[in-house]
Each structure stands twice: as structure tokens, then as C-alpha cells.
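Okay, so here's the structure we're looking at.
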Amino acid sequence: MIHHKWIAAGVVGAALLAGCSSSTSGSADQSGSDHHSGSPGSLSGALVAADDNTRARLEYGRPKAIVAASGGSSATGTYGGVSGYGFSDLANYAKLLPPLVGFDATTADEALTAGQPPTHAGWISGGVDATKVEQALTKLGAKKDGATLRLAGDAACLGDPLVAVLTDQPAGPSGPRRELGLAVTGTSSGDAIEVLCIATGSAADAAAMKTKLQDGLTSGTSQRSNEPWSQLLTGVSVEIRDGNVVRATAHPVAGQPAGTLLQALRNKDLASLIG
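In C-alpha cells form, the structure reads like this:
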């Protein structure tokens, strides 16, 4: 039995911080009414009507694209470890849903979940009340950029991900709260890229984080697996982008599934990288 009630997270054709949120303060009203939202077209087109809970975590995925990038299967191969992101609550029931309700989540163009259990909302497809979403986002500090509402300037940090997670939760049990964006991108089994974006407060903080990530990913060791990060990820590149956002990219080791950094966030091992 599915106990989680999927309600529509407010979505509008405008830019969600595809990197990291510019703020974790403020509040906005949510209508609480059930509705189906229309496709935002990309991660940067998805904006969630937020409160403190929904801002704490956002999970995004492109199920159909994952199947295509995996050569027709989302259960195995390079992207097998990241299938189900964006609709985690439904993923365990993916095989049951088509015969029961005529709906296959793995064929959706996009899916996202906002918030943390037991209070979180999920979106797959449908229409949206753009006016209410715009009002809520404006209260949170979103600014107009043409036809787009932006919560942060660096909206391209994660690129066009197959899956992504945005969160301001601590990276470890006692670590500081950091605004994080993680993603896996790719179009085939041979070009998977893992992306980590971290919002910092100043140029000095960004420089320090860049050094920490570069050193950690090239010569550090995962505390969880006791393996060098260089044996888990290759081709590491770290840069500082506008807004003091640090962006790290890497490839999964040949023959290994993508999603190492997403798993590190889940099991708190990311703290060994970013503190």
C-alpha cells in the first residue's frame, strides 16, 4: 500500500536554481489543492512553491531519458543506480502501476519530489496555476529575468541532468548546513558525468572549497568505503562559477554505475569531501 499522497508541487516554466538556492529563509503559502502540473521542459524550468520543508530537499529525474541512455533498460547498466530519482516513492511499485492504474512512471519525461518524508509532494505531469506559483516565489525573493523567475543567478550549474538532488541539509551528522546540488548527466553509457555544486558565502570560501574538493577527489579517501575517491571517480574538474558557487565534475570509473556522489549524500559520506 502506498501511504504517501502525491500532490502537485507548484511548477512553472521558469528557472529553478539548477545549482543551489540563494536563500533558505522566508516562507510561502501552498494551496494544498491537488492538481497535475505541466512539463517544465528541464530541471531549470521547474519551480516549487516552497516552505521550509520543501526547500530542504528536491529530487529530480528524467525517467524516459534514463531508459534511452541505458540502451532501453533503466534497471541495469551505467544509469541503473540512478533510475527512480524524482519519483522514489513510486519507483518500488513501478512494475505494479501499469496493470493497476495504466501508468508507467519510467516513461515520464520528468518527475520531481519536493520536501522530506513524511511531508513531501510529487509531480509527474499536467497543468499548473502559474499565477499562484509566481506569487509564492516572489515572496521567497525570486526575481524576474524576462519570462523567467530566478531564485539564484547560477541556474546552469547542474546542466541538463538525468537526475538531480537539491538540498540544504547537512552533508554529515554534525556538519554545517550547505546549499548543495548534485546530478548525473549523460546521453549514453559512455558519457556519464557526475556533478556537484556547492554555494559558498564569499570568494575566499569558494577558493577554499575548490581546493578541498580537488584534493579530496584526487588524493582523499571515502570514509564510508575506505577506498580512494580516485578509484570511485575519474577525470575530476573543479571550478568556481559566478555567485561563489563551486562546481565539481567527474566520470564514474569504467564498468561502475553512475551515482557515486548521490550515494555519498545519502549515506553521509559526502561530509568527508566537503566538511
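Heads up, the sequence shown is in this note's numbering, so the first residue is 47 and it goes up one at a time. Think of the CB as a built atom: it goes at the ideal place given N, C-alpha and C, for glycine as much as any other residue.
Is DSSP giving residue i helix, strand or coil here?
{"i": "Ser-77", "result": "Note that Ser-77 scores a pLDDT of 26, beneath 50, so its modelled location is shaky; the value from the coordinates is reported in the next line. Reduced to three states, the DSSP call for Ser-77 is coil."}
{"i": "Pro-144", "result": "helix"}
{"i": "Glu-285", "result": "strand"}
{"i": "Asp-191", "result": "strand"}
{"i": "Glu-180", "result": "helix"}
{"i": "Ser-67", "result": "Since pLDDT at Ser-67 reaches only 32, below the 50 mark, its modelled position is unreliable, and the value read off the structure follows with that caveat. In this structure, Ser-67 counts as coil in the three-state DSSP scheme."}
{"i": "Gln-302", "result": "coil"}
{"i": "Ala-201", "result": "coil"}
{"i": "Leu-308", "result": "helix"}
{"i": "Leu-259", "result": "helix"}
{"i": "Leu-228", "result": "strand"}
{"i": "Thr-264", "result": "helix"}
{"i": "Leu-212", "result": "strand"}
{"i": "Lys-107", "result": "A quick correction: the sequence has Gly, not Lys, at residue 107. Looking at Gly-107 - three-state DSSP - the assignment turns out to be strand."}
{"i": "Ala-160", "result": "strand"}
{"i": "Gly-173", "result": "Confidence in Gly-173 is poor, its pLDDT being 32 and thus under 50, which makes the residue's placement too unreliable to answer from."}
{"i": "Leu-279", "result": "strand"}
{"i": "Gly-123", "result": "coil"}
{"i": "Ala-249", "result": "helix"}
What I want to know is whether the C-beta of residue i ends up closer than 7 Å to one or more non-hydrogen atoms of the ligand ATP.
{"i": "Leu-208", "result": "Questions concerning the ligand ATP fall outside what the structure shown contains, since it holds no ligand whatsoever."}
Out of curiosity, what's the CA-to-CA distance linking residue i and residue j?
{"i": "Ile-244", "j": "Arg-293", "result": "7 Å"}
{"i": "Ser-283", "j": "Gly-107", "result": "24 Å"}
{"i": "Pro-303", "j": "Gly-168", "result": "26 Å"}
{"i": "Leu-142", "j": "Leu-136", "result": "10 Å"}
{"i": "Thr-153", "j": "Tyr-125", "result": "15 Å"}
{"i": "Glu-156", "j": "Ser-318", "result": "31 Å"}
{"i": "Leu-263", "j": "Ala-253", "result": "16 Å"}
{"i": "Leu-226", "j": "Lys-314", "result": "13 Å"}
{"i": "Asp-214", "j": "Ala-188", "result": "17 Å"}
{"i": "Trp-275", "j": "Lys-110", "result": "30 Å"}
{"i": "Ala-281", "j": "Gln-181", "result": "It is worth fixing the name first, because residue 281 is Gly in this sequence and not Ala. About 42 Å."}
{"i": "Ala-238", "j": "Asp-98", "result": "32 Å"}
{"i": "Leu-316", "j": "Ala-102", "result": "17 Å"}
{"i": "Ser-271", "j": "Gln-309", "result": "11 Å"}
{"i": "Glu-273", "j": "Thr-177", "result": "50 Å"}
{"i": "Leu-158", "j": "His-166", "result": "10 Å"}
For residue i, which of the options has the nearest alpha-carbon?
{"i": "Arg-223", "options": "Gly-117, Pro-109, Leu-311", "result": "Leu-311"}
{"i": "Ala-151", "options": "Tyr-139, Gly-161, Ala-160", "result": "Tyr-139"}
{"i": "Asp-288", "options": "Cys-203, Gly-127, Gly-123, Tyr-131", "result": "Cys-203"}
{"i": "Val-128", "options": "Glu-105, Lys-141, Leu-142, Pro-144", "result": "Glu-105"}
{"i": "Ala-250", "options": "Ile-286, Val-299, Ala-160, Asp-315", "result": "Ile-286"}
{"i": "Ile-320", "options": "Lys-110, Phe-133, Ser-268, Ala-157", "result": "Ser-268"}
{"i": "Val-323", "options": "Gly-130, Ala-160, Thr-184, Gly-247", "result": "Since the first residue shown for the chain is 47 and the last is 321, residue 323 is missing from the structure and cannot be characterised."}
{"i": "Val-113", "options": "His-297, Tyr-131, Arg-103, Ala-102", "result": "Tyr-131"}
{"i": "Gly-161", "options": "Leu-279, Leu-212, Leu-259, Glu-273", "result": "Leu-212"}
{"i": "Leu-279", "options": "Asn-272, Gln-309, Pro-298", "result": "Pro-298"}
Should residue i be labelled buried (16 or more other beta-carbon atoms within 10 Å of its own) or exposed?
{"i": "Gly-118", "result": "exposed"}
{"i": "Asp-191", "result": "exposed"}
{"i": "Leu-242", "result": "buried"}
{"i": "Glu-240", "result": "buried"}
{"i": "Ala-300", "result": "exposed"}
{"i": "Ser-265", "result": "exposed"}
{"i": "Pro-144", "result": "exposed"}
{"i": "Thr-184", "result": "exposed"}
{"i": "Thr-306", "result": "buried"}
{"i": "Thr-295", "result": "buried"}
{"i": "Thr-257", "result": "exposed"}
(request) Would you check if there are 3 or more beta carbon pairs closer than 8 Å linking the segment 201-215 to the segment 231-246? (result) Touching, yes.
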